[in-house]
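These notes are about the structure you will find just below.
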Amino acid sequence: MTTLAYTLSDSRVMLRRNLKHQLRYPSMTVMLIGLPIVLLLLFVYVFGGQLGAGLGAHLGRGAYLDYVVPGLLLITAASVVQGTSIMVAMDMTGGIIDRFRTMAIARASVLTGHVLGSLIQTLAAMGILIGVAFALGFHSSAGVLDWLAAIGIVALFAFALIWLAVALGLAAKSVETASNTPMVLLLLLFLSSGFVATATMPTGLRQFAEYQPFTPVADTMRGLLGGAAVGGQAIAAIAWSIGIAVVSYLWAIRLYNRRRAAEPK
Amino acid sequence: MTSVPAATGIATQNVRKSFGDHVVLDKVSLSVEEGTILALLGPNGAGKTTMVRILSTLIPADSGSMRVAGHDVVADPDGVRAVIGVTGQFSAVDNLLTGAENLQLMADLRHLGREAGRRRVAELLDQFDLTDAAGKLLSAYSGGMRRRLDLAMTLVGQPQVIFLDEPTTGLDPRSRRTMWQIIRELAAAGVTILLTTQYLDEADQLADRIAVLDQGRIVAEGTPAELKSRIPGGHVQLHFADARGLHSAAELLPAAGPDQDQLVLQVPADGTVDSLRDLLNELHEARIPVDRLSIHTPDLDDVFFGVTGGHVSAQPHQDHTLEGAANR
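Structure below.
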């Protein structure tokens, strides 16, 4: 086999390991996938009536459901990557990583397995969420191409967040820290156009909301699913995603290669 | 010592490593011949684990040359990784997988192929007495089972050189003996083994050669017999109920050292059953009542005392007390 074939083989093995972990740790998997669904129900049935009225006259719960689905897809990504960070930290603080490091395997395959596994988990969780949203009466005028574009955008953004979570998991000294730091992503999401239009926010907050990555991604998704035109927002969304992915990837690889080298134990 | 030979086995020369100001390894030179066992003996903090981590490519040395099975550790780490197996002090198993899945993971990462991999997994499960537990998650494994699985995972790729970092620490006596047996079989099959241990008896049981590591330096090296000839012998302690017994025994055994306060008589002994029997017979015939006795075998402290002039106190003495044995 060639080096490339070994790399692919090792990555596939690590992916399978990661997927098995997700099944063997169902409490976490269910919690991370369940949280967005609980929030969906909360936002639609508890807040939805009033928030929907804010979207325009004669609008209500149904309109808010259509508005909030992109935000909840992003919540799903932010929620799942919390698991990524925890799993990476569990690997790094356990003994198994030393075993991998003393074996002649593609070094990065450990991380590749986490990234691909989390991506699959994210997309599956988003599929479930969309299914629940449709059951609640979600309405989309998007065509096939719009759907494909929406999936592409959200997958790219999720990919970026996953690498960020991998880096955070590597940077964490303990599993507890690793489970807490990605919470920032959830907070950022509430300070974006994910749940309410940025126009309703006070000036300072609005400026922050408009220039942070979650807003263009949420707006692009909303545009694609609502069958509206997306232009500059889509470019901003893609640029943010690539930027976050590249920086996080480089950070993660750096941490991965340096980690433990300096530790006496 | 001359230059590092290119042959198989393990050879290091002048390996140095510091963490900050703390020198952990100071010019450590070792050589382990192919198919033999070297025990690196020393207390906690002596640098044993660091040496294993360096040789198994986990951390770099500051300087020195090292070859493992002919591969240079610095220049060709992947070459080293392909031929070594490492079982560290902390269990390197995947807790969310079953025993069989852990082994299969190793087989996949060693690129054994589907059929050969499956065969090897079944073989190791059998060899390590884990077949019944193969489908169980590791949370259901005992400490001894985890350690066995850990070593089995190390052996999946049939490594030529194995590093075992304190392989029996924390194991119960039975599991410990099982582990010893496995290690012996490996060496008999031609595998080169470097193991670290805090226990002289373990080194004595397993090793062809012992290197004593103290504060980052090799302070003695040789076969177990050579090393033991350099340390003071063991002794038997006789505990008496009253001073009269102690007094008569001390008269009977002039070579012994009495302790009037503790009512203890320390008799030099080589630890053989014959010498112990003779001693007890002698006491019995003289009708001297002995309360109880304890046998002190040479341990790490004695080795250090012998080779360093006695500046460390690493381990509590391992005394095997035979309560009332001499009264019967």
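Which chain is which? The protein sequence lines are D and F, in order.
End of the first sequence = 265 in my numbering, gap-free, step of one.
End of the second sequence = 593 in my numbering, gap-free, step of one.
Cβ atoms here follow ideal geometry from the backbone N, Cα and C, with glycine treated the same way.
- Contacts with chain D at 9 Å (Cβ-Cβ) include His376/F.
- In the DSSP assignment, Ala252/D falls outside any beta strand (DSSP E) and within the unbroken alpha helix (DSSP H) covering 232–258.
- Between Asp473/F and Leu306/F, the CB-CB gap reaches or exceeds 9 Å.
- If you look at Phe428/F, you'll find it in the beta strand (DSSP E) that goes 426–430.
- At a C-beta separation below 8 Å, Leu361/F has these neighbours in chain D: Lys20, His21, Arg24, Tyr25.
- Leaving aside the five residues that flank Ile238/D on each side, the residues in its chain whose CB is nearer than 8 Å to its CB run, in chain order, Ile153, Leu156.
- Listed along chain F are Ala357, Val358, Asp359, each with a C-beta nearer than 7 Å to that of Ile96/D.
- Taking CB atoms only, Asp373/F has a neighbour in chain D less than 9 Å away.
- The C-beta of Thr84/D comes no closer than 9 Å to any C-beta of chain F.
- Shortest Cα-Cα distance from Ile86/D to any of Ala125/D, His21/D, Asp98/D, Ile130/D involves His21/D.
- With a minimum length of 3 residues, the unbroken runs of beta strand (DSSP E) contained wholly in the region 477–518 of chain F fall at 482–487, 500–504.
- Taking C-alpha positions only, Leu416/F is separated from Thr352/F by approximately 6 Å.
- Three or more beta-carbon pairs separated by less than 8 Å link the region 97–112 of chain D to the region 318–330 of chain F, which places the two stretches in contact.
- Closer than 9 Å to the CB of Met103/D there is at least one CB belonging to chain F.
- For Leu459/F, the uninterrupted beta strand (DSSP E) run begins and ends at 457–462, by DSSP.
- Using a 10 angstroms sphere on the CB of Pro523/F, the tally of other CB atoms reaches 16 or more, which defines it as buried.
- In this chain, the beta strand (DSSP E) harbouring Met331/F covers 328–333.
- Leu436/F is positioned such that its CB atom lies no closer than 9 Å to that of Val358/F.
- Within the region 376–400 of chain F, contact with chain D at the beta-carbon level (separation under 7 Å) is assigned to His376.
- Under the 9 Å criterion on CB atoms, Val115/D is classed as non-interfacial with respect to chain F.
- Exposure of Lys173/D is indicated by the presence of fewer than 16 other C-beta atoms within 10 angstroms of its C-beta.
- Under the Cβ criterion of 9 Å, Tyr6/D is counted among the residues facing chain F.
- By a beta-carbon distance limit of 8 Å, Leu503/F does not contact Val538/F. Their separation comes to about 17 Å.
- At a cut-off of 9 Å between C-beta atoms, Asp10/D counts as an interface residue with respect to chain F.
- Taking 7 Å as the cut-off between beta carbons, the residues of the region 336–356 of chain F near chain D are Asp343, Arg346, Ala347, Ile349, Val351, Gly353, Phe355, Ser356, in sequence order.
- Inside the region 292–375 of chain F, DSSP marks whole alpha helix (DSSP H) runs of 4 or more residues at positions 313–320, 342–348, 364–374, from first to last along the chain.
- Counting other Cβ atoms within 10 Å of its Cβ, Ser407/F stays below 16 and is therefore classed as exposed.
- Assignment of Arg552/F by DSSP, reduced to helix, strand and coil, places it in the coil class.
- Under DSSP, Phe284/F forms a beta bridge with His287/F.
- Cβ-Cβ distances below 6 Å link Gly536/F to Gly499, Thr562 in the same chain, with the five nearest sequence neighbours on each side left out; the list follows chain order.
- Residues of the region 308–328 of chain F with a C-beta atom less than 9 Å from some C-beta of chain D are Thr314, Thr315, Arg318, Ser321, Thr322, Leu323, Ile324, Pro325, listed in chain order.
- In the assembly as shown, Met183/D is an exposed residue. Its beta-carbon has fewer than 16 other beta-carbons within 10 Å.
- Contact check for Arg332/F against Ala276/F passes: the beta carbons are separated by less than 9 Å.
- Rounded to whole angstroms, Arg12/D and Arg107/D show a C-alpha spacing of 13 Å.
- Here Gly48/D is not bridged, per DSSP, to any residue.
- Within the DSSP bridge table, the entry for Pro533/F names His500/F as partners.
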